[in-house]
Amino acid sequence: MTTPAPLLVSKPAEPLALGVDLPMVDQPAVPFIEIETLRAKEFIPAAKEALGSLIAEQGQAKVIRPVFNWAGRNSLFPLHWGLACCAIEFAAAFGARWDAERFGVVPRSSPRQCDVMIVNGTVTWKVAHKLITLYEQMPEPKWVIAMGNCATGGGPFRTAYSVVPGVDKLVPVDVYIAGCPPRPEAMLDGILELEKLIRERKE
Amino acid sequence: MQPDDVSRVLAPALGPKLLAVEPFAGMAGRVRFERGAALELFPRVRDDLGFRHLSMVGGIDWVDHREVFYVVWSDAAHQYLLLSTDVPADNPRVETASGVWPSANWHERETWELVGIEFDNHPDLRHLLTPDGYEFRPLLRSFKLHEPEELEVKTRHV
Amino acid sequence: MSEMWINMGPQHPMTHGLWNLRVKIDGEMILDVDPEMGYLHRGIEKISEDRHYNEVITLMDRCCYVAGLAWEHLYIIASEEALHLEAPERALYLRVLCEEFQRLASHLMWYAAFVQDIGLMSPFLYGMRDRDLILDLLQSYTGARMTYEYMRVGGVRSDLPPGFTDRTRKVLDWLNARFVEYDQLCLGSDIFHKRCDGLGILKANDCVAHGVTGPMLRSAGVPRDLRRDRPYAVYDQLEFDIAHADTADVTGRYLVRMEEMRQSLRILRQVVDWLDRHPGPVMADQLPRWLGAPYAPVGNEGYLLKRHYPKGLGFSAVEEPHGEAQAYVVNEGGEHPYRVKFRSPVFANISAARQYLIGYRVADIPPIMGSVDVCVGEVDR
Ligand code: SF4
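Just so you know, the protein sequences line up as chains Y, H and W, in that order.
Counting from 1430, one number per residue, gives the positions in the first sequence under the numbering used here.
Counting from 444, one number per residue, gives the positions in the second sequence under the numbering used here.
Counting from 635, one number per residue, gives the positions in the third sequence under the numbering used here.
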């Protein structure tokens, strides 16, 4: 069996400036930067000590928050569901070519395990209260991405009698992605936008 | 199968209740019948003419009356046949086809909720696509589409 | 044991869309099911009454989002009949090209989703990878990955880009080799057979009574395919076989779909050969000016005028990837259709759920419903 060389496969994407970007530029340096060089045995007491003095100096919120944000934004678990057409592009983003799991994005089926709800399609009034229930079941902190024109504002079905003209009528939305449907790149870009938002989260 | 063949089988049994069998592009014909004849017609179309497969049921609102149509398929003749009947707008009822073709069940539920046609003796006439308790008939001509803000009252039922 | 109703959906990994399967169970046994649809009811039939004939095409792509081009084709045939128009032959071949590409893409999407239901992960990646190759080809001449808006009443929008047919042949060869691998991954796996053999049986008689069409009907031993039985476009000039099996179960549906993909490759080879040899127009001339995109006057004034056109009825039936889709278009002489009615194959296939689910176990629901290939967009419309 001769297998021709794969063609048309897109060029590898430019390496994105992501990865472990601790410490925060404008935050006090926390000892986590040493994580690769120190062995755990030495690291933990050192970290405890350094953290303790930092917290005493600057207050708990200022030190712990960047750590939480870093952990949260690098493992976003979106809710696994498909509302309409955009869900197909949502699925394609987890396929071989785009591989959204590079960014720590893994869809989970239970809302209890999720921290971001990607509304990937048309929201109808019939599903509206189910959507709100799912949103309320997600643990804090949680975010919503409106993917596609339908979730943003009703899209081509805006005038229809059964369609919610934008999911922001039901739940607070953090990131809007335009497109009908947005390409998988656009969806990944939306996730990166959300990561930026989370990085700046203060409270 | 030609429209003549269809009417040759159906006319003796239905008499004047069979209004016409018109030619219709790419089909065996378009059978127009009185709505009272539904229960006599359906078994004959299925058994005598061999149209064992009901593909769809739909309704059209012609403002002064409504039309119910059925599309059936025959595996032997490799042809479709369209059955259609008119019902008055103030009393839109017709006998269900789901006793003859079980596949009519869901199609009739949909026609009932969207076009407002009542199917007598239907086993399970519930809302299918619209939520329970939705009181509008969206596919009627009198139901107008608006910008969503104006339509809040027609849409919000949660 | 006590009996109870449980809801699987609308958010459930089994559903592949937005619908709710209510199941009455006693322990593990399924006693009754009641699918609840309508969570994606977007009123496409109503909106179409408010749109220009060519604008409805936009909605058709979104109606069945894994097989948009097949639904465009369906709508186009019916409205050309209602408007008394004819497309040139090259446009007909281009439409067949689109439809077969779409069948491949849809079946690959099904394959990717279905194997996940039975617990295999790597076939998902393979299916998505190869689907992207087809979407690349579609994108090169329609400009979009999923929502194409490529066909027009009276023809198609544009011709193929240079070098397209050669690229297509390469992709077809590549896919042909990959299908062997797909079969090894699934049929060679014990898990697959344990979870699929003998499940979800729906015999031919029940299929016909409940309006089931497509791969489900063909897996029950009825080789019925509209491309052969009631040829539209140029299918009567192409050579292909109708895939069918006689097991009437989940494995049978898998086999039928895999064989259909091979037949699609065969059709596509003939179509690209024909397209290479026969250049020509892709849009009918003598279109009314408001209808023909290349001739549309600047500023669209022709389109805004109220036109009168001979009344007509149009009916079409197309073998789309999920089964037999039909459209009924009523033209009352204006520039909007008076009424369009679509018949979705999945609608009928789900409505028969009682016949093929009762008596099995709860854990069998994902493979059985996966083998139905649900696309909620077209069910709810
Ligand atoms: S934005 Fe477009 S592609 Fe996405 S769900 Fe809406 S209609 Fe479908």
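Every residue gets a Cβ at the ideal spot worked out from N, C-alpha and C, and that includes glycine.
Only a predicted model underlies this, so the values are computations on that prediction, with no experimental measurement involved.
- Straight-line gap, residue 538 of chain H to residue 582 of chain H (C-alpha atoms, nearest Å): The C-alpha of residue 538 of chain H lies about 21 angstroms from the C-alpha of residue 582 of chain H.
- Query: If the cut is a Cβ gap below 8 angstroms, which residues of chain H does residue 828 of chain W touch?
  - Reply: Under the 8 angstroms cutoff, chain H gives no residues; its nearest Cβ is about 32 angstroms from residue 828 of chain W.
- Query: Counting Cβ pairs closer than 8 angstroms, one from the stretch 732-740 of chain W and one from the stretch 768-782 of chain W, do we hit at least three?
  - Reply: Contact between the stretch 732-740 of chain W and the stretch 768-782 of chain W is present, with at least three C-beta pairs closer than 8 angstroms.
- Item | Where residue 1572 of chain Y sits in the DSSP three-state scheme | Three-state DSSP puts residue 1572 of chain Y in a strand.
- Message: Strictly closer than 6 angstroms from CB to any heavy atom of the ligand SF4: give me those residues in the order they appear in the chain.
- Response: Every residue whose beta carbon comes nearer than 6 angstroms to a heavy atom of the ligand SF4 appears here in chain order: Y/1513, Y/1514, Y/1515, Y/1550, Y/1551, Y/1577, Y/1578, Y/1579, Y/1584, Y/1585, Y/1609, Y/1610, W/696 and W/781.
- Beta-carbon separation (whole angstroms), residue 673 of chain W vs residue 1496 of chain Y, contact threshold 8 angstroms: Not really, about 40 angstroms apart at Cβ, beyond 8 angstroms.
- Query: For the alpha helix (DSSP H) that contains residue 917 of chain W, what are its first and last residues?
  - Reply: For residue 917 of chain W, there is no enclosing alpha helix (DSSP H), as DSSP marks it with neither H nor E.
- Give the single residue among W/981, W/715, W/691 and W/990 whose Cα lies nearest to the Cα of residue 1008 of chain W. Closest in C-alpha terms to residue 1008 of chain W, from the list W/981, W/715, W/691 and W/990, comes W/981.
- Item | Nearest candidate by alpha-carbon position, reference residue 841 of chain W, set W/828, W/832, W/855 and W/911 | Among W/828, W/832, W/855 and W/911, the Cα nearest to that of residue 841 of chain W is on W/855.
- Message: Contact between the stretch 888-895 of chain W and the stretch 848-864 of chain W is defined here as three or more beta-carbon pairs at a separation below 8 angstroms; is this criterion met?
- Response: The stretch 888-895 of chain W vs the stretch 848-864 of chain W: in contact.
- Message: In the DSSP assignment, the alpha helix (DSSP H) including residue 496 of chain H goes from what residue to what residue?
- Response: In this chain, residue 496 of chain H is not harboured by any alpha helix (DSSP H); it is covered by the beta strand (DSSP E) spanning 496-504.
- Does DSSP classify residue 1584 of chain Y as helix, strand or coil? Note: residue 1584 of chain Y maps to helix in three-state DSSP.
- Exposed or buried, what is residue 836 of chain W when buried is set at 16 or more other beta-carbons lying within 10 Å of its beta-carbon? It counts as buried.
- Task: Starting from the N-terminal side, write out each stretch of the alpha helix (DSSP H) that is 4 residues or longer and does not extend beyond the stretch 1487-1553 of chain Y.
- Result: Whole alpha helix (DSSP H) segments, 4+ residues: 1489-1502 and 1515-1522.
- Item | Same chain only: Cβ atoms within 7 angstroms of residue 846 of chain W, ignoring 5 sequence neighbours per side | Contacts found: 836, 982, 983 and 986.
- Query: At a Cβ threshold of 8 angstroms, is residue 631 of chain H touching chain W?
  - Reply: Lying before the first or after the last residue shown, residue 631 of chain H is absent from chain H, which here runs from 444 to 601.
- Query: Mind pulling the chain W residues with CB within less than 7 angstroms of residue 1510 of chain Y?
  - Reply: In chain order: 645.
- Message: Given a cut-off of 8 angstroms on the beta-carbon distance, is the pair residue 996 of chain W and residue 659 of chain W in contact?
- Response: Yes, Cβ-Cβ distance for residue 996 of chain W and residue 659 of chain W is below 8 angstroms.
- Looking at the structure shown, is residue 461 of chain H part of a helix, part of a strand, or coil, going by DSSP? Three-state result, residue 461 of chain H: strand.
- Item | Contact with chain Y by residue 554 of chain H, beta-carbon distance below 8 angstroms | No, its Cβ sits nowhere closer than 8 angstroms to a Cβ of chain Y.
- Task: Compare the C-beta of residue 1612 of chain Y with all C-beta atoms of chain W and state if any pair is closer than 8 angstroms.
- Result: Closer than 8 angstroms: yes.
- Task: Reducing DSSP to helix, strand and coil, say where residue 950 of chain W ends up.
- Result: DSSP places residue 950 of chain W in strand when its eight states are reduced to three.
- Query: Is DSSP giving residue 822 of chain W helix, strand or coil here?
  - Reply: Here residue 822 of chain W sits in coil by DSSP.
- Task: Report yes or no: is there a C-beta of chain H within less than 8 angstroms of the C-beta of residue 1539 of chain Y?
- Result: Taking Cβ atoms only, chain H never reaches closer than 8 angstroms to residue 1539 of chain Y, which makes this a no.
- Following the continuous alpha helix (DSSP H) through residue 985 of chain W, name the residue where it begins and the one where it ends. Counting along the chain, residue 985 of chain W sits inside the alpha helix (DSSP H) bounded by residues 979-985.
- Nearest chain Y C-beta to residue 681 of chain W closer than 8 angstroms, yes or no? Answer yes: the Cβ-Cβ gap between residue 681 of chain W and chain Y drops below 8 angstroms somewhere.
- Does DSSP put residue 773 of chain W in a helix, a strand or coil? Three-state DSSP puts residue 773 of chain W in a helix.
- Item | Separation of residue 881 of chain W from residue 832 of chain W, as counted between CA atoms | Their backbone Cα atoms lie some 8 angstroms apart in a straight line.
- Does residue 940 of chain W get closer than 8 angstroms to chain H when you measure Cβ to Cβ? Residue placement at residue 940 of chain W cannot be trusted, given a pLDDT of 42 that sits under 50; the coordinates are not used to answer.
- Using a threshold of 8 angstroms, state whether the C-beta atoms of residue 960 of chain W and residue 977 of chain W are closer than that. Yes, Cβ-Cβ distance for residue 960 of chain W and residue 977 of chain W is below 8 angstroms.
- At a CB-CB cut-off below 7 angstroms, which residues of chain H make contact with residue 960 of chain W? Against chain H, the beta carbon of residue 960 of chain W has neighbours under 7 angstroms at 498, 499 and 514, listed in chain order.
- Message: Let me make sure I understand the geometry here. Which of W/742, W/759 and W/964 has the alpha-carbon closest to that of residue 898 of chain W?
- Response: Comparing alpha carbon positions, the residue from W/742, W/759 and W/964 closest to residue 898 of chain W is W/742.
- Message: Looking at residue 525 of chain H: is its Cβ nearer than 8 angstroms to the Cβ of residue 487 of chain H?
- Response: No. Outside cutoff.
- Query: Where does the unbroken alpha helix (DSSP H) through residue 550 of chain H begin, and where does it stop?
  - Reply: First-last of the alpha helix (DSSP H) with residue 550 of chain H: 547-558.
- residue 1629 of chain Y burial status per 10 Å Cβ neighbour count (16 or more: buried): Residue burial annotation: residue 1629 of chain Y is exposed, with fewer than 16 other C-beta atoms found within 10 angstroms of its C-beta.
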